[in-house]
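Under our numbering, read the sequence shown as residues 4 to 738, first letter to last.
Glycine included, every Cβ here is placed at the ideal spot set by N, Cα and C.
Heads up, the thing below is written out as structure tokens.
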Amino acid sequence: MTLRSYYLSALAALLPLGFAHAASLPPGFAETKVASGLNPVTMRFAPDGRLFLCEKQGLLRVVSGGKLLEKPALDLTDRVDSWNERGLISVCFDPDFARNGWIYVYHTHNRDPKDAGHESSNNRVSRFTLKGDVVDPGSEQVIVEIDNLSKIGWHNGGGLAFGKDGKLYVSTGENAKGPNAQDGGNLLGKLLRFNKDGSVPSDNPFYQEYKGNNRAIVALGLRNPFAIAVQPATGLLYLNMVGANYEQIERYETGKPPEAVNYGWPDIDGPPKNNPTPQGYRAPEYAYDHGSGKGVALCGGDFYQPFSRGADAFPASYMGKYFFSDYGGWIKFIDPTKPDTRLDFATGINRPIDVKTAPDGSLWYIERAGIPGGSDEANSASKDGSLWRVRWTGEGQGGNQATKPTEKAQLLAGLKLPATAEEPLPTTLSATGIFTDRNLTPRVGIVGYGLNSTIWADGATIRRWVALPDGKKIGFSPTGEFKWPGGTVFIQHFEMPTGGTNRRLETRLLVLDATGSFGYGANYRWRADSSDADLVDPAGQEEVLKTGTREQTWMYPSSGLCFMCHTPNAGFVLGPKTRQLNGDFTYPAGNSDNQLHAWNRLKMFDPPLDEKLISSYPKTCAIDNSADSLENRVRSYLDGNCAHCHRPGGTGAGWDARYEIPLSAQGIVGGEVRNTLGLEGAKIVAPGDISKSIMHTRMAATGIAERMPPVTRNVPDAVALEVLEKWINAVKGDR
Numbered sequence: 004m005t006l007r008s009y010y011l012s013a014l015a016a017l018l019p020l021g022f023a024h025a026a027s028l029p030p031g032f033a034e035t036k037v038a039s040g041l042n043p044v045t046m047r048f049a050p051d052g053r054l055f056l057c058e059k060q061g062l063l064r065v066v067s068g069g070k071l072l073e074k075p076a077l078d079l080t081d082r083v084d085s086w087n088e089r090g091l092i093s094v095c096f097d098p099d100f101a102r103n104g105w106i107y108v109y110h111t112h113n114r115d116p117k118d119a120g121h122e123s124s125n126n127r128v129s130r131f132t133l134k135g136d137v138v139d140p141g142s143e144q145v146i147v148e149i150d151n152l153s154k155i156g157w158h159n160g161g162g163l164a165f166g167k168d169g170k171l172y173v174s175t176g177e178n179a180k181g182p183n184a185q186d187g188g189n190l191l192g193k194l195l196r197f198n199k200d201g202s203v204p205s206d207n208p209f210y211q212e213y214k215g216n217n218r219a220i221v222a223l224g225l226r227n228p229f230a231i232a233v234q235p236a237t238g239l240l241y242l243n244m245v246g247a248n249y250e251q252i253e254r255y256e257t258g259k260p261p262e263a264v265n266y267g268w269p270d271i272d273g274p275p276k277n278n279p280t281p282q283g284y285r286a287p288e289y290a291y292d293h294g295s296g297k298g299v300a301l302c303g304g305d306f307y308q309p310f311s312r313g314a315d316a317f318p319a320s321y322m323g324k325y326f327f328s329d330y331g332g333w334i335k336f337i338d339p340t341k342p343d344t345r346l347d348f349a350t351g352i353n354r355p356i357d358v359k360t361a362p363d364g365s366l367w368y369i370e371r372a373g374i375p376g377g378s379d380e381a382n383s384a385s386k387d388g389s390l391w392r393v394r395w396t397g398e399g400q401g402g403n404q405a406t407k408p409t410e411k412a413q414l415l416a417g418l419k420l421p422a423t424a425e426e427p428l429p430t431t432l433s434a435t436g437i438f439t440d441r442n443l444t445p446r447v448g449i450v451g452y453g454l455n456s457t458i459w460a461d462g463a464t465i466r467r468w469v470a471l472p473d474g475k476k477i478g479f480s481p482t483g484e485f486k487w488p489g490g491t492v493f494i495q496h497f498e499m500p501t502g503g504t505n506r507r508l509e510t511r512l513l514v515l516d517a518t519g520s521f522g523y524g525a526n527y528r529w530r531a532d533s534s535d536a537d538l539v540d541p542a543g544q545e546e547v548l549k550t551g552t553r554e555q556t557w558m559y560p561s562s563g564l565c566f567m568c569h570t571p572n573a574g575f576v577l578g579p580k581t582r583q584l585n586g587d588f589t590y591p592a593g594n595s596d597n598q599l600h601a602w603n604r605l606k607m608f609d610p611p612l613d614e615k616l617i618s619s620y621p622k623t624c625a626i627d628n629s630a631d632s633l634e635n636r637v638r639s640y641l642d643g644n645c646a647h648c649h650r651p652g653g654t655g656a657g658w659d660a661r662y663e664i665p666l667s668a669q670g671i672v673g674g675e676v677r678n679t680l681g682l683e684g685a686k687i688v689a690p691g692d693i694s695k696s697i698m699h700t701r702m703a704a705t706g707i708a709e710r711m712p713p714v715t716r717n718v719p720d721a722v723a724l725e726v727l728e729k730w731i732n733a734v735k736g737d738r
């Protein structure tokens, strides 16, 4: 599993099963559905006004006269690998298209359709000749063959555009292998510059340093550069890069002599902060994190620069703006002259994957729709994608502004928290009413609890509480997830041992909405004197902590980062469930009791438990519990730290971390991996061999592209690694 796939599947899983159109647009705009039933990826307008749309399975479709033509312009379905993020990815037109009819397509060439392991493919840029509305099938000229892909399906990039200099620019993903992006020996994770015949311009900055087609590299350090667009007048190239924590618009100048640029991945994600920067580093033109930016994946984009403004063209104030779409459901825009300010345009779209300006000045977008989530199936195909056209109708007309009233959750009396994230949060922890004093004494009705197998938090200790709304109870289940009442509040408090004392770091809140199946997160950072904690900026914060003789980075996560783990697919509430609460907890009065028993006595369950059955319920254990077996300790740890993503409907990784699944069915021992990280014969767990066990390698890694768990974890868990190593050395291959 890759970091990006983790994020994408977690966030995409938050999207509704279907958006009710129309999209919400500003006053004065209206939209029309042009086509439906598509498996769409990207699109591009020809200079003559026809729209060419790439369908993932290999069909290049044409929209002419406002209608989708039945016959595709090009059919590559018999030679395209469309699995996961592969397929027919993008198209662009030669600057002299009106005379020569040349089109360029970026697609995943399948050299062996019988290869079920998806290791016989590479991305290719080809040039074809268009005659009328149909491509001459015998006209293909291969411009460049990109490096062979591994069996990893993610990060395939695929942007195409001609610059002001008349050169063909190609963006490529790093195939979910971060080091590729900084390696000049391959074409993955790069921005490339070619002559239109596929030769390499001799003025490219690495022409003398690199060999062969690698001389086409003009920029390194890209992760998944999904789309590129060029502003016609200036030659400004914007590249939409799907990052890890951040989505980034990167800049390159095609109207100036080419220069060597490095965008920083995998060592830098988003703004550089305190990271060392490589030679030629260029910070993002605009970047937004998944919290404050409310984004999932930055996909399509285009400059609003119509060739011939028609009756449906936008007002002049939009000229030159850069519109971009995010898989989270929206289209926004920035002004390239002051790119730090982002402005809203459209919301309520089911996975918008591309947006383009038509020659007449209308704005078109693709709604990919399909299956929510980031699984192989969800990424590979859509059957209900659609194409939309947005036009200007006049001030005050056509704005689909109706909003559905939000049902508010009932909270515990005395708490001063909003029912939804749309309302302002208290700026200090004390103002929430959760604790009655600086000693963290909770308000009456708030119950402390612990987990048998807690998450790893870079060495910090964690305390937990839950507040049920007045009169509400938990729907109990001996397995799986509980049904939590709307308005429930969960509190996690983190402290770091430093020199014999504990330093208070932060207190995180998770507040459930009226349905009890979703909600919002908030984070409060403690002041140095522990007098109070202040609301963390939605973008999150970082701090370098001194713990003993070493330093470590502590991340105060953005509010949106909560949703990387807290997904509806995982039940949204991750920790408290039967197998985690079936153990003793010491309460403030000093008494210890089984938590299921205690919560039952507090009348927190509906229906009440039959307490005679508690001992028969599943029970996880701590990783350092030497009284339990190595296998149980490892499986409990994986359940607590990994199961929110590694489960059916979660990431594309092929193993299941849930404790209640038998080990033989989890796909862990001898399980296949997609990204081997360069380890020959690698498995999820290779019996008796930690050097080939990707689980151990990932847990020990610190790089942003390799580490697991990926969110808010900077320091490896030494105890867990030791136990995992002992178990791997002892495990048998027939498990």
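With distances taken from CA atoms, which of Lys686, Glu88 and Arg710 is nearest Ile356?
It is Glu88 whose Cα lies nearest to the Cα of Ile356.
Let me check understanding here. Comparing Cα to Cα, which of Gly69, Leu77 and Phe48 lies closest to Gly61?
Leu77
Euclidean distance between Cα positions of Asn603 and Ser619
16 Å
Tell me which residues share the same chain as Arg114 and place their Cβ nearer than 6 Å to its Cβ, disregarding the 5 neighbours each side in the sequence.
Ser123
Please state the DSSP three-state secondary structure of Gln669.
coil
Starting from the C-beta of Pro408, find all residues in its chain whose C-beta is less than 8 Å away, skip the five residues before and the five after it, and write them out in chain order.
Annotation note: pLDDT 40 at Pro408 (below 50); position unreliable, coordinate value reported separately. No residues qualify anywhere along the chain.
Answer with yes or no whether the minimum CB distance from Asp272 to chain B is below 8 Å.
Absent from the structure: chain B. Only one protein chain is present.
Mind checking who Glu250 pairs with in its DSSP beta bridge?
According to DSSP, residue pairing for Glu250 in a beta bridge involves Val245 and Tyr291.
Per DSSP, what are the beta-bridge partners of Pro43 in this structure?
Note: Pro43 sits in a beta bridge opposite Glu58.
Hey, out of Glu212, Arg312 and Thr700, whose CA is closest to Ala263's CA?
Glu212
Do Ser561 and Ala531 come within 8 Å of each other at the CB atom, strictly closer than that value?
Cβ atoms of Ala531 and Ser561: not closer than 8 Å.
For Ala38, does the three-state DSSP call read helix, strand or coil?
strand
Could you check if Tyr249 is buried or exposed, using at least 16 other CB atoms within 10 Å of its CB as the buried criterion?
So Tyr249 counts as buried.
In angstroms with no decimal places, state the Cα-to-Cα distance between Ile458 and Thr423.
Each residue's alpha carbon lies about 26 Å from the other.
Under three-state DSSP, which class holds Leu6?
At Leu6, the pLDDT of 37 sits below 50, so the modelled position is not reliable and the matter cannot be decided from this model.
6 Å Cβ shell around Ala349 - same chain, five flanking residues per side excluded
Ala26, Leu28 and Ile334
For Ser383, count neighbouring C-beta atoms within 10 Å of its own C-beta (all shown protein chains included) and say buried if the count is 16 or more, exposed if not.
buried
Beta strand (DSSP E) segment containing Phe165, residue limits
Leu163 to Phe165
Beta strand (DSSP E) segments (min. 3 residues) lying fully within the region 292 to 355
301 to 306, 325 to 329, 333 to 338 and 341 to 349
Does DSSP put Tyr640 in a helix, a strand or coil?
helix
Roughly how many whole angstroms lie between the Cα atoms of Pro98 and Thr237?
15 Å
Using alpha carbons as the reference points, say which of Val714, Thr700, Thr581 and Val734 lies closest to Ala721.
Thr700
Spatially closest choice to Ala300 from Lys549, Arg226, Leu513 and Ile707, by CA coordinates
Cα-wise, what sits closest to Ala300 is Arg226.
Do you know whose CA, among Lys117, Phe96 and Gly162, lies nearest Arg127's CA?
Gly162
By Cβ distance, which residues of its chain are closer than 7 Å to Pro208, with the 5 residues on each side in sequence left out?
Val221, Pro261, Glu262 and Ala263
Should Leu684 be labelled buried (16 or more other beta-carbon atoms within 10 Å of its own) or exposed?
Checking the displayed sequence, the identity of residue 684 turns out to be Gly instead of Leu. So Gly684 ends up on the exposed side.
Would Pro621 pass as a contact of Thr581 if the rule is Cβ separation under 8 Å?
yes
Under 8 Å between C-beta atoms of Ala38 and Val66
yes
I'd like to know if the region 489 to 498 and the region 466 to 477 are in contact, where contact means that at least 3 CB-CB pairs between them fall below 8 Å.
yes
Burial state of Gly90 (16 or more Cβ within 10 Å):
buried
Thinking C-beta only, is Gly652 closer than 8 Å to Asn572?
yes
Which class does Ala232 belong to by DSSP, given the choice of helix, strand or coil?
strand
Excluding sequence positions up to five away, which residues of its chain have a Cβ less than 8 Å from the Cβ of Asn198?
Lys170, Leu171 and Pro204
Let me know the secondary structure DSSP gives Ser595 once reduced to three states.
strand
Using only alpha-carbon positions, find the residue among Ser533, Lys259 and Thr518 that is nearest to Glu509.
Ser533
Beta-carbon spacing of Gly201, Val138 below 8 Å
In this structure, Val138 does not lie closer than 8 Å to Gly201 by Cβ.
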